[in-house]
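In the working numbering, the protein residues as written are 278 to 948.
Even for Gly, the Cβ is constructed at its ideal location relative to N, Cα and C.
All figures in this text were calculated on a predicted structure; none of them were measured in a lab.
Comments concern the structure below.
So, in structure tokens, the structure goes:
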């Protein structure tokens with residue numbers, strides 16, 4: 278065949294000359310002669326200014342194109358600065374892909390460059406080189422990217438994100454490879470440093486990372502190693518792992534750590550309105566599959582509480598979904614902070630921080646001092662945050678650590694947030710060998726926010742609520758009840774002020790401290806005797822209370838506590854808007870004795886600072902007895918200052934139970 282070709286060329290010397298000329302032309306051709314035509318073509322095609330300092334091409338498989346002193350202006354809707362300028366750009370092109378719908382660029386190498394990338398709310402991208410308003414997927418596919426001494430700025434106006442990245446290659450060998458579009462990606466070691474700063478949802482962040490010399494944009498079998506950190510205020514993320522596809526952020530496999538002053542500061546990044554918390558530190562194994570991030574082997578601490586479990590974050594429409602399943606062997610209740618209204622230092626005052634604030638806990642405490650005159654939290658809910666994300670969150674705590682002596686045992690919480698409606702169902706707390714079971718709904722899908730709360734107290738043992746001591750005998754019996762309220766409002770306080778519903782409670786037959794009974798019956802002589810000689814138990818026949826609530830005002834329709842020694846009746850109400858109470862207790866001692874009284878006791882004033890007064894009657898001379906008793910038993914002096922006699926009668930408990938079936942069901946666990 279070779280002989281045949283030689284004979285053919287000898288017969289056609291002109292063809293031989295043309296072929297030799299073409300070979301020499303390719304070998305000797307100065308591609309820079311095409312620089313101006315290329316500039317004009319790209320400028321006309323993109324309607325932007327494009328200039329080159331030098332152009333060179335190495336034909337082959339793949340073909341390599343080298344450009345120097347590159348300038349490319351921005352889209353007319355973008356920022357008033359060049360989209361890109363670079364000292365040197367090299368890229369390889371797969372020639373067969375020029376005939377397909379997707380042009381494949383195996384490798385792009387950039388040095389000494391500044392690049393601005395912008396993504397508009399309507400989907401327009403300033404890096405599109407075809408029609409300016411085209412929002413369809415681009416035709417070019419980049420296999421890998423190597424950069425050196427380059428700054429990249431990215432603006433995503435739809436996501437309220439802006440970020441600047443400074444890239445510098447510190448390995449000499451890698452510096453050479455970033456200028457060579459033929460270099461094979463190795464990433465055997467860290468060679469490139471990234472300095473990052475920006476803003477996301479109005480929250481500033483900054484960080485640093487080291488990585489391999491090549492960003493791998495396609496599945497090539499060469500993962501892109503990455504190690505670095507990101508800080509946003511008092512929050513810090515650390516990551517150490519690898520990424521297979523940088524463009525689509527897929528095939529992530531990394532260890533991640535996160536710590537901060539409060540979980541509330543995470544809202545700008547995960548869009549979940551978490552409550553403010555004590556300082557926390559968590560770590561786990563982060564993986565990604567498509568649009569789904571998974572955090573396994575999650576462990577750490579929130580305050581002094583241990584946490585283990587797993588979580589997922591899924592990008593989807595119309596909003597992302599965050600799920601978490603967490604467990605705790607020992608949960609400090611005060612670490613839940615504003616979520617349940619408990620504070621380590623405020624002891625029943627308003628929660629020190631708002632779940633809607635993204636700030637340090639110290640700053641939040643200082644801010645919250647101004648609202649400590651109120652018991653109910655006044656921090657405003659932010660409806661738009663309920664609509665930013667869907668969530669499914671489960672927390673189980675085997676043991677609770679509680680300030681004081683409140684007998685809380687365990688906790689189980691199931692939170693669901695979907696379409697702007699947040700549900701806590703159930704919110705179960707073990708209390709005194711019984712349980713508090715709450716079902717709470719906050720509907721922020723419209724305005725105003727609608728709230729519905731049903732809280733059942735079941736089978737709580739009085740022996741746990743009223744523990745025995747050296748002076749007080751143990752109590753027995755079971756307590757139950759229900760709080761059922763519904764209303765509207767943009768805060769807990771506003772919801773309570775407009776709430777309608779009912780509050781009920783009941784105590785089954787049991788035995789209580791005789792000292793407590795004597796104090797409730799205002800039997801001063803008996804109190805003194807018991808303090809001196811020791812306490813004993815007496816029979817508790819029954820007790821029940823029922824309040825109807827209308828527009829935040831509670832009115833008593835039933836209040837009675839009956840023991841074998843005393844009957845106490847009550848009447849009055851409360852105002853949740855003003856946070857004030859006005860209630861009268863009328864004791865009827867059944868066995869009147871020395872220093873016993875039947876004068877009604879009035880409880881009035883604010884929830885935080887209630888006042889106790891006896892109903893005023895012409896008994897001024899007996900006030901001297903109150904002063905004397907104050908010396909003997911100061912904590913009880915307000916209850917036993919006046920002497921009065923009068924019989925009390927046994928309460929018909931069957932009639933009491935028939936009036937409060939819901940409360941009675943609570944004491945028996947609904948059985």
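Quick check on the burial criterion: 16 or more other C-beta atoms within 10 angstroms. Buried or exposed for residue i?
{"i": "residue 427", "result": "buried"}
{"i": "residue 434", "result": "exposed"}
{"i": "residue 326", "result": "exposed"}
{"i": "residue 740", "result": "buried"}
{"i": "residue 370", "result": "buried"}
{"i": "residue 481", "result": "exposed"}
{"i": "residue 607", "result": "exposed"}
{"i": "residue 322", "result": "exposed"}
{"i": "residue 855", "result": "exposed"}
{"i": "residue 375", "result": "exposed"}
{"i": "residue 581", "result": "exposed"}
{"i": "residue 733", "result": "buried"}
{"i": "residue 772", "result": "buried"}
{"i": "residue 828", "result": "exposed"}
Classify residue i as helix, strand or coil using the three-state DSSP reduction.
{"i": "residue 321", "result": "helix"}
{"i": "residue 540", "result": "helix"}
{"i": "residue 309", "result": "helix"}
{"i": "residue 612", "result": "helix"}
{"i": "residue 488", "result": "strand"}
{"i": "residue 773", "result": "helix"}
{"i": "residue 316", "result": "helix"}
{"i": "residue 848", "result": "strand"}
{"i": "residue 759", "result": "strand"}
{"i": "residue 467", "result": "coil"}
{"i": "residue 818", "result": "strand"}
{"i": "residue 554", "result": "coil"}
{"i": "residue 600", "result": "strand"}
{"i": "residue 823", "result": "strand"}
{"i": "residue 677", "result": "strand"}
{"i": "residue 519", "result": "strand"}
{"i": "residue 854", "result": "coil"}
{"i": "residue 583", "result": "strand"}
{"i": "residue 766", "result": "coil"}
{"i": "residue 650", "result": "coil"}
{"i": "residue 606", "result": "coil"}
Specify, as a first and last residue, the run of the alpha helix (DSSP H) that residue i falls within.
{"i": "residue 574", "result": "No alpha helix (DSSP H) holds residue 574; the beta strand (DSSP E) holding it covers 569-579."}
{"i": "residue 546", "result": "544-547"}
{"i": "residue 663", "result": "660-663"}
{"i": "residue 594", "result": "Residue 594 -> no alpha helix (DSSP H), and no H or E assigned at all."}
{"i": "residue 782", "result": "Taken as a continuous stretch (DSSP letters only), residue 782 belongs to no alpha helix (DSSP H), being part of the beta strand (DSSP E) at 777-784."}
Taking the beta strand (DSSP E) that residue i falls in, what are its first and last residues?
{"i": "residue 866", "result": "857-866"}
{"i": "residue 889", "result": "887-891"}
{"i": "residue 509", "result": "501-509"}
{"i": "residue 478", "result": "Where residue 478 is concerned, there is no enclosing beta strand (DSSP E), given that its DSSP letter is neither H nor E."}
{"i": "residue 674", "result": "667-674"}
{"i": "residue 883", "result": "878-883"}
{"i": "residue 835", "result": "830-840"}
{"i": "residue 563", "result": "557-566"}
Output needed for residue i: all residues of its chain with C-beta closer than 6 Å, excluding positions within five of it in sequence on either side, in chain order.
{"i": "residue 390", "result": "363 and 427"}
{"i": "residue 600", "result": "589 and 669"}
{"i": "residue 700", "result": "693 and 718"}
{"i": "residue 851", "result": "831 and 858"}
{"i": "residue 334", "result": "308 and 342"}
{"i": "residue 762", "result": "730, 776 and 778"}
{"i": "residue 512", "result": "537 and 542"}
{"i": "residue 823", "result": "781, 834, 835 and 937"}
{"i": "residue 884", "result": "652 and 856"}
If I measure Cβ to Cβ from residue i and keep anything under 7 Å in the same chain, skipping five residues before and after, which residues do I get?
{"i": "residue 484", "result": "473, 505, 506, 507 and 508"}
Leaving aside the five residues before and after residue i along the sequence, list all residues of the same chain whose C-beta is less than 8 Å from its C-beta, in chain order.
{"i": "residue 685", "result": "610, 677, 679, 706, 707 and 708"}
{"i": "residue 848", "result": "833, 836, 860, 861 and 863"}
{"i": "residue 698", "result": "663, 718, 719, 720, 721 and 722"}
Would you say the beta carbon of residue i is closer than 8 Å to some non-hydrogen atom of the ligand FMN?
{"i": "residue 505", "result": "In the structure shown, the ligand FMN is absent, as is every other ligand, since no ligand is present at all."}
Original post:
Which ranges would you report for the beta strand (DSSP E) in the segment 366-446 if only whole runs of at least 3 residues count?
Top reply: DSSP runs (the beta strand (DSSP E)) wholly in the segment 366-446: 380-382, 385-396, 417-419, 421-433 and 438-446.
Subject >> Contiguous alpha helix (DSSP H) assignments of at least 4 residues, all confined to the segment 679-754 >> reply: Counting only runs of 4 or more, we get 739-742.
Original post:
Where are the beta strand (DSSP E) runs, 3 residues long or more, that stay fully inside the segment 331-368, in chain order?
Top reply: The qualifying runs are 331-335 and 340-349.
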